[in-house]
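J.:
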Amino acid sequence: MKSSVPFLFTGCILTLSLFVASFFENHPLETLERKAYDLRAAFSRKAPPAPVAVVAIDTESLRRMGPWPWPRAYIGLVLHRLRDYGARVIGVELLYSSKDLNPGLQEVRDIIRKFPNDPRLLQEDSITGVFAALKDAERKLDNDALFASSLAYAENVVLPVRLLFKGDEGGERQVPAENSLLKNSLEYFGAVHSSARGVLLPLKEFALHASALGHTHHAADSDGIVRSEPLFLPYAQRLVPSFALQLVLRYLEYDLEDVSVGRSEIRLGNRSIPLYGEYRMLTGSTDPGSLPVYSFSDIVKGRVPAGAFRNRIVVVGGTAGESGTFLNTPLVSALPSPLLTAATAAGILGASCITRPVWAFPLESAMLLFFGSIFFPGFPGRDTGTRIGLFLLLAAAWTGTALHLFVAYGYWVKVTYSLVLLAAGIAALLLQRLLSGKGEKGHSGAEIIENEEIRMVVGARTDTGRVREINEDAFCIDSDARLLAVADGIGGHASGEVASRMAVDGIREYFRKGGRGSAPFPPRSNGLSGDTYLLGESVRSAGRTIYQAARSNRMGTTLAAVLLRRNRLSVAHVGDSRVYLARAGILEQLTEDHSVKEKNMRHVLTRALGLDPDAEVDLTELTLSDGDVVLLCSDGLTTMVSDNEILSALRSSRDPCLACTCLVKTANERGGKDNVTVIAAYAYRKSRALSQRHKHKEGVWPRLR
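In our numbering, the protein residues as written are 450 to 1154.
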């Protein structure tokens, strides 16, 4: 039981650490959770239900119309077409923040400026025609004027602004009250975690004709993947709406003042957009690949049916080469920005946003505590395999539930923290079982007991079984005293565990004191050696100690012990724990059970330590031969496993630890109705020991003949 204390302490520390970590972002576990988010987003992939389309400046358009950048009049031409096709809202995701540099236009303007300064030039009729032609050329070459005219004609066009953050180049800090950003932002005086340091705006003549402005900033997580859309970003005590949000507002014929911004949601009339973090909307379930996308060049050539854009939101932007910006998302890598904007707008209109419900964190915390209970020894399923299997089933159910909530309802419930804790618990359980087992007090590797003639390689395993809650067995392997012992406590729960431990500790302490005890054995008889009688005296001494302790708390224990001296093995036992000898393919029981002989009463003991102050101890001894195997076990083995199966396990394994593990596993597979403890000792004469030493280091053991 003491070994469970550090195990439980470790579990508490891990659970607390993961709980605290769940309050923070940008750490490895949160990155892992985001990957799980991406997997769920792939399962919940939805086609956009909203009327949104994209006009793409794609590779084919660049091939047909020339390299980027194009004259702004090209964009204006498409705005005219889209307006004529009945597009409801047009979003141009191209930022023109400076005037068009056109050397030809500048030369024409220089020539035109000379005419008013020299009246003689205007007196000639031919010159008058040239002047008119130059004015017409100026109009045709002025791409900015043409684009502004197209904006005015299209009427409902949303243009982008770029907010600049630390590390961004260019731009300047402009006061919203002095530019077009004032009517395209909301007043805000609250505290923010981050704020833009500057802004790039469209030219004034462009902003004048735009129906709305919105930022095009896409906030990527620490792993470079965009999973959310900042619907508002703070700048100069203003909240600047996103480009996608402005498209939706114009489509629904709302003004920015109609938006109600709260801590957990944004309301547009009767629509609610759930928020995550600082004004962010979680994205990822709307599939950009299913959006209708039309080539820019096809619009110019008139190859697209007019009805394709009627009453739609149309996003115009670059999707190839230098014309576009590319972003990684949960569903698509290197996704062009216009498609992400269109998918976000479709998600808002179709109410297919992902949300973190208010009950998500309490549920996650509860599941974290629940999976942390794997570290508690009192949790149902005390067998290690059973407990791991049970928790794996529960983990599968928890993961499936989280997936269903995400796919069916758009609820993001984090599973990584609880699953990582479960994985740590399983690893700790397996490590504990490897070192000492669940309820086991055995050794993970073999021990050596030897003297001048015999060398014994010893392994042991003890297990609670499948029915009992406490392991009342105990054993000891004392290489100094060359002593092996197995005890099976009786009295129920803690009493039996105490009695069995007192028995093995008592005989061990007896020999550590040099064989001086307080319970002299009856006079020697039957030709047994003094070492055998000494072993018997140690058992009687332990029995008297248990008897004294049992006065206040009734308890008792069986005991089987062996002592190696030279080539002789002394055997002592009380109760129904057994000692076997496997030799030359035959398994011999060296002890006789002290229990009622009737079949249905064999569990009733007639003799045990602690029930009588002068317990009667059976003694025997034998001479060990090369290749012998000595087995000590509690009745939890012998009531579940036959002698033939015991012999088979001892013969089939070269490793005593593996043999013990096999026997314990077999007993548990048969029902594990009692605690089961096994010690196996492979013996060979010292003349062979030196030749076998190297094999022992490699894990190779002599086979039972």
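Glycine residues also receive a C-beta, built at the ideal position from the N, C-alpha and C atoms.
Taking only the alpha-carbon atoms, compute the straight-line gap between Tyr-1029 and Thr-1087 and give it to the nearest angstrom.
T.: Taking the straight line joining both Cα atoms gives about 11 angstroms.
J.: Which of helix, strand or coil does DSSP assign to His-1022?
T.: Residue state, collapsed to three classes: strand.
J.: According to the Cβ coordinates, are Leu-696 and Gly-738 closer than 9 angstroms?
T.: No. Outside cutoff.
J.: Measure from the alpha carbon of Tyr-703 to the alpha carbon of each residue in Val-538, Ser-1097, Leu-465 and Val-1090, then state which is nearest.
T.: When each option's Cα is compared against that of Tyr-703, the closest is Val-538.
J.: Here's the rule: buried if 16 or more other CB atoms are within 10 angstroms of the residue's CB, otherwise exposed. What is Cys-461?
T.: So Cys-461 counts as exposed.
J.: Arg-716: which of Ala-645, Leu-798 and Lys-1046 sits nearest, CA to CA?
T.: Nearest option by C-alpha distance: Leu-798.
J.: For Asp-487, collect the residues of the same chain with a Cβ closer than 6 angstroms to its Cβ; drop the 5 residues on either side in sequence, then sort them by chain order.
T.: Contacts found: Pro-779.
J.: When you compare each of Ala-1116, Leu-1058 and Ala-491 to Val-781 by their alpha carbons, which one comes out closest?
T.: For Val-781, the nearest C-alpha among the options comes from Ala-491.
J.: Of the choices Ala-656, Asp-927, Lys-615 and Leu-650, whose alpha-carbon is the least far from that of Tyr-604?
T.: Note on residue identity: the sequence assigns Glu, not Tyr, to residue 604. Answer by Cα proximity: Ala-656.
J.: Excluding five sequence neighbours on each side, which residues of the same chain lie with their C-beta closer than 8 angstroms to the C-beta of His-476?
T.: Result list for His-476: Ala-470, in chain order.
J.: Pick out whichever of Gly-673, Pro-741, Ser-709 and Asp-591 has its Cα sitting closest to the Cα of Pro-497.
T.: Nearest C-alpha to Pro-497: Pro-741.
J.: Would you decide whether Glu-813 is buried or exposed? Buried here means 16 or more other CB atoms lie within 10 Å of its CB.
T.: Buried is the call here.
J.: At which residues does the alpha helix (DSSP H) containing Asp-593 begin and terminate?
T.: Taken as a continuous stretch (DSSP letters only), the alpha helix (DSSP H) holding Asp-593 covers 592 to 603.
J.: Based on DSSP bridge pairs, tell me the residues matched to Glu-1070.
T.: Ser-1019.
J.: Can you tell me where the beta strand (DSSP E) with Ala-923 in it begins and where it stops?
T.: Start and end: 922 to 927.
J.: Going by the beta-carbon positions, is the gap between Leu-1081 and Ala-991 smaller than 9 angstroms?
T.: In this structure, Ala-991 does not lie closer than 9 angstroms to Leu-1081 by Cβ.
J.: How would you call Arg-752, buried or exposed, if buried means at least 16 neighbouring beta carbons within 10 angstroms?
T.: By the neighbour-count rule (16 or more Cβ atoms within 10 Å), Arg-752 is not buried but exposed.
J.: Between which residues of its own chain and Phe-820 is the CB-CB distance below 6 angstroms, once the five residues before and five after are set aside?
T.: Correct list, in chain order: Ser-867, Leu-870 and Leu-871.
J.: Taking the runs of the alpha helix (DSSP H) that are 4 residues or longer, which of them lie wholly in the stretch 749 to 814?
T.: With a minimum length of 4 residues, the continuous alpha helix (DSSP H) runs that stay inside the stretch 749 to 814 are 786 to 798.
J.: Which one of Leu-481, Glu-1118 and Lys-1114 has the shortest CA to CA distance from Arg-910?
T.: Selected option, being the one with the closest Cα: Lys-1114.
J.: In angstroms, rounded to a whole number, what distance separates the CA positions of Pro-1062 and Met-951?
T.: Distance between the alpha carbons of Pro-1062 and Met-951 is about 15 angstroms.
J.: Under three-state DSSP, which class holds Arg-931?
T.: Three-state DSSP puts Arg-931 in coil, outside helix and strand.
J.: What first and last residue would you give for the beta strand (DSSP E) that runs through Leu-984?
T.: No beta strand (DSSP E) contains Leu-984, which is instead part of the alpha helix (DSSP H) from 979 to 998.
J.: I need the boundaries of the beta strand (DSSP E) containing His-476, first residue and last residue.
T.: No beta strand (DSSP E) contains His-476, which DSSP labels as neither H nor E.
J.: When we look at the beta-carbon of Asn-592 and count the other beta-carbons within 10 Å, is it buried (16 or more) or exposed?
T.: Buried.
J.: Name the residue from Glu-1094, Ser-629, Glu-654 and Leu-635 whose alpha carbon lies nearest to the alpha carbon of Val-648.
T.: Val-648 has its Cα closest to that of Ser-629, out of Glu-1094, Ser-629, Glu-654 and Leu-635.
J.: Is Met-905 helix, strand or coil by DSSP?
T.: Looking at Met-905 - three-state DSSP - the assignment turns out to be strand.
J.: Check this for me: beta carbons of Ala-426 and Phe-596, under 9 angstroms apart or not?
T.: This structure does not reach residue 426, given that the chain is present from 450 up to 1154, and the question cannot be answered.
J.: By DSSP, does Ser-885 sit in helix, in strand, or in coil?
T.: Unreliable placement is indicated for Ser-885, whose pLDDT of 44 sits below 50; no coordinate value is reported for it.
J.: Among the candidates Ala-846, Leu-854 and Arg-483, whose CA atom is the shortest distance from the CA of Trp-808?
T.: Ranking the options by Cα distance to Trp-808, first place goes to Leu-854.
J.: Assign Leu-1153 to buried or exposed, taking buried as 16 or more other Cβ atoms, counted over all protein chains shown, within 10 Å of its Cβ.
T.: Because the pLDDT of Leu-1153 is 42, which lies under 50, any placement of that residue in the model is unreliable, and the number read from its coordinates should be weighed accordingly. Result: buried.
J.: To the nearest angstrom, how far is the alpha carbon of Leu-843 from that of Glu-1041?
T.: Leu-843 and Glu-1041: Cα-Cα distance of roughly 46 angstroms.
J.: So for Tyr-523, helix, strand or coil by DSSP?
T.: Tyr-523 falls in the helix class under three-state DSSP.
J.: Here's the rule: buried if 16 or more other CB atoms are within 10 angstroms of the residue's CB, otherwise exposed. What is Leu-818?
T.: Flag for Leu-818 reads exposed.
J.: Alpha carbon to alpha carbon, how far is Gly-976 from Leu-933? Give it in angstroms, no decimals.
T.: Their backbone Cα atoms lie some 23 angstroms apart in a straight line.
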